[in-house]
Amino acid sequence: WMIFSLLEGLLCMGWSEAVVYHWPRLEGRARAGMVWRLHALLAVLGLVLAAGLILGAPALADWYGTPRLLGDLSLFALYAFFSFPTLAINSILLSAGRTRTVATLAFASTVLETAAVLVPLVLGLGLTEILWALAAYAALRFAACVALAWSVAGPGWEAPGALSDLTWFSLP
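Structure, rendered in structure tokens:
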């Protein structure tokens, strides 16, 4: 979890925060293109992170002397894959003036993620079941975030230079 949190911040590079700057400067399909290209980029990075967790699982299991970690990291990769593309949704919604939606999403996400951990724990289930519940939660949040992004940005892919602009803005 700690490794994922660290890599999440490093791989995202501040792109989601750069949305707040670029949103008012774009209109219509260019704005939609920025949103969907950013989601696609974050999905690719989520896939890379998930693949790294799966491929690195044997080495980490050996490092910690815990062979069971091998299967658990593979399950956690599902959580990473579905979570990463949702990192920009708060900035997108805030930029669109949907502050109540951001608050509702944050509250619902916190409740559901906590339930994904606590319910299996209270039922006496193990780490594997908790990781399955977290993967299901992340997939549900991913679907909700795609629907919310669609409701704000609509369709569109045309945004020449949008990702390069976001990248230059987000670099320190």
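In this text, residue positions in the sequence shown follow the working numbering: the first is 5, and each later residue adds one. Just so you know, even glycine gets a beta-carbon here, dropped at the ideal spot from N, CA and C.
Would residue i and residue j qualify as a contact pair, given that the criterion is a beta-carbon distance under 8 Å?
i: residue 57; j: residue 92; result: no
i: residue 22; j: residue 89; result: no
i: residue 2; j: residue 74; result: The chain is shown only over 5 to 176; residue 2 falls outside these bounds and no answer can be derived.
i: residue 80; j: residue 146; result: no
i: residue 142; j: residue 82; result: yes
Please report the residue range of the alpha helix (DSSP H) in which residue i lies.
i: residue 92; result: That residue, residue 92, is in no alpha helix (DSSP H); it is neither H nor E in DSSP.
i: residue 35; result: 32-68
i: residue 104; result: 103-126
i: residue 27; result: It is not in any alpha helix (DSSP H) - residue 27 carries neither H nor E in the DSSP assignment.
i: residue 82; result: 73-87
Select from the options the residue whose C-alpha is nearest the C-alpha of residue i.
i: residue 158; options: 107, 97, 63 and 66; result: 97
i: residue 39; options: 51, 24, 140 and 86; result: 24
i: residue 20; options: 70, 134, 10 and 41; result: 41
i: residue 110; options: 94, 100, 99 and 123; result: 94
To the nearest whole angstrom, what separates the beta carbons of residue i and residue j, a pair I think is in contact under 8 Å?
i: residue 3; j: residue 138; result: Past the boundaries of the shown model lies residue 3; the chain is included only from 5 to 176, so the question cannot be answered.
i: residue 76; j: residue 125; result: About 15 Å; that fails the 8 Å criterion.
i: residue 156; j: residue 102; result: 7 Å
i: residue 71; j: residue 65; result: 5 Å
i: residue 43; j: residue 153; result: 6 Å
i: residue 33; j: residue 27; result: With a Cβ gap of about 14 Å, residue 33 and residue 27 do not count as contacting.
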